[in-house]
Every structure is written in structure tokens, then in C-alpha cells.
Amino acid sequence: MAMNWKTALICLPLFTLAACTGTKDNIQTADSGQEIVSGTTSSETVSSGEQTPGADQGDSAQVAQANAAQREAQLQAQQQFEEEKALRQRRVYYFSFDGYDVSDEDVAALAAHGRFLVNNPNAHMRVEGYADERGTREYNIGLGERRAKAVKQVLQLYGAGAGQLDLVSFGEERPATRGHDASAWAKNRRVELVYE
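Mind the numbering: the sequence shown is residues -18 to -1, 1 to 178 in mature numbering (1 follows the signal peptide of the UniProt record, and there is no 0), read in order.
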């Protein structure tokens, strides 16, 4: 029977634990070479070379259970990785008129970016803040900066280092879409994340 090294690593502590359940006080060796287990309700003696019927079945059940637990853990890790990857695909976050509060929905996606930056300390991101065309140029630069700072705070809350994040505000200078209506303005009130 060939066992891979992962199975061996899982089974070794289990077998060691099972072997250590008896103590010197309750196992005595008789002159005939038999082990006598005291303190149990069983009156059976087991000679030193024999195996108890069903011992292989118990060990097999433990190995199967350990393998199932390992597969389940691998599936959960893969699923979490895929979910995080999907959340990181989102790089644009929109804001209400004159607002810079990050929505709860956006926090979940930003958390995935924050965790990615924690796990990749050499990664670097530029957080770009924008505003729509209404308001003065100076006001919109300030509003874009407040939006970018709010997003940066969420990223740092989830572990991103300050040195991994650059913040810049373009205000109304780089609109996502041209237009002078509510739809265009809504698309221009945003923060974009750019990995560098």
C-alpha cells in the first residue's frame, strides 16, 4: 500500500497518540512474554506479535476520516481563494453626490484587496480619487482626495501597509464618461485602484 507524504504526516500523530494512551502502570509483562492490561474490564491477553481483530479497520477509518478532513480543508481554501480573486477584480468604487463614505458592499471587496496586499508585501497600489464636474476645481480635488483617503483607510484596516499605497486626487480632470447629466456624474464620482 503506497501512502503519500501528506497522509503519513496526518496519520503519524494519530498513531503516536493512540500508542501513548496506555501507561506503564496499567501494562505489565508476564514471564510468558504476554502483556496483561490491568485496570480494564476485559480479561483478554494479547501476545506481543498478534493484532486485535478490527484494529486495521479502526486505523483505516481514522485514515479515511483524516483524508476526508484534508480534502474538505483544501476545497474550502480553494473556494475562499476564488471568492477573494473575484472580489479583487472590482477596482472602481462609486460615491454619492458630495459624499466620501465607503458603502458596506464596497468594504467587502476592499477587504479582499487589503488581504492581498498583506499576503504580497511587494505589491503596490495607487488609490485615485475623482469627482464629477460640478463644483470648483479646488473643491473637486479636495473631494477626490477625501474619497481616496476613505478607501485607503479601509485597505489599511485590512492590513495593507502605508508604504504599499499611494494616494492621488484628480478631481474632475479625468472623467470616466463625458456628459452633463445625472448618469454621467454618478460614473465620475469614484475611486479607482491601480496595481503598480
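Each residue gets a CB set at the ideal place from its N, CA and C atoms; glycine is no exception. Predicted, not measured: the structure shown is a model, and the values here were computed from it.
Is it true that the region 162 to 177 meets the region 112 to 131, where meeting means three or more beta-carbon pairs spaced less than 8 angstroms apart? In short, these stretches touch, since the Cβ pair count reaches three.
Give a yes or no on whether the C-beta atoms belonging to S151 and Y112 are separated by under 9 angstroms. Yes; because the gap between Cβ atoms is below 9 angstroms, this pair is in contact.
Following the continuous beta strand (DSSP E) through V173, name the residue where it begins and the one where it ends. Unbroken beta strand (DSSP E) run through V173: 172 to 177.
Using a 10 Å radius around the Cβ and a threshold of 16 neighbouring Cβ atoms, would you call F77 buried or exposed? So F77 counts as buried.
Own chain residues within Cβ distance below 6 angstroms of L125, not counting five before or after: Closer than 6 angstroms at the Cβ level, and outside the excluded window around L125, lie A113.
With DSSP as the reference, identify every bridge partner of G111, one or two as the case may be. Beta-bridge pairing links G111 to S151, V173.
In terms of alpha-carbon separation, which member of G81, H162, K169, E178 lies closest to Q146? Shortest Cα-Cα distance from Q146 to any of G81, H162, K169, E178 involves E178.
How would you write the range of the alpha helix (DSSP H) that Y121 sits in, first residue to last? From DSSP, the alpha helix (DSSP H) with Y121 extends over 119 to 139.
In the DSSP assignment, the alpha helix (DSSP H) including V89 goes from what residue to what residue? Element bounds for V89: 86 to 101.
G143 vs P103 beta-carbon contact at 9 angstroms: The answer is yes: Cβ separation under 9 angstroms.
Which two residues bound the contiguous beta strand (DSSP E) that contains Y76? Unbroken beta strand (DSSP E) run through Y76: 74 to 76.
Here's the rule: buried if 16 or more other CB atoms are within 10 angstroms of the residue's CB, otherwise exposed. What is E64? Label assigned to E64: exposed.
Which one of Y121, R119, V133, A90 has the shortest CA to CA distance from R108? Ranking Y121, R119, V133, A90 by Cα distance to R108 puts V133 first.
Can you say whether A50 is buried or exposed, counting buried as having 16 or more other CB atoms within 10 angstroms of its CB? Looking at its Cβ environment, which holds fewer than 16 other Cβ atoms inside 10 Å, A50 is exposed.
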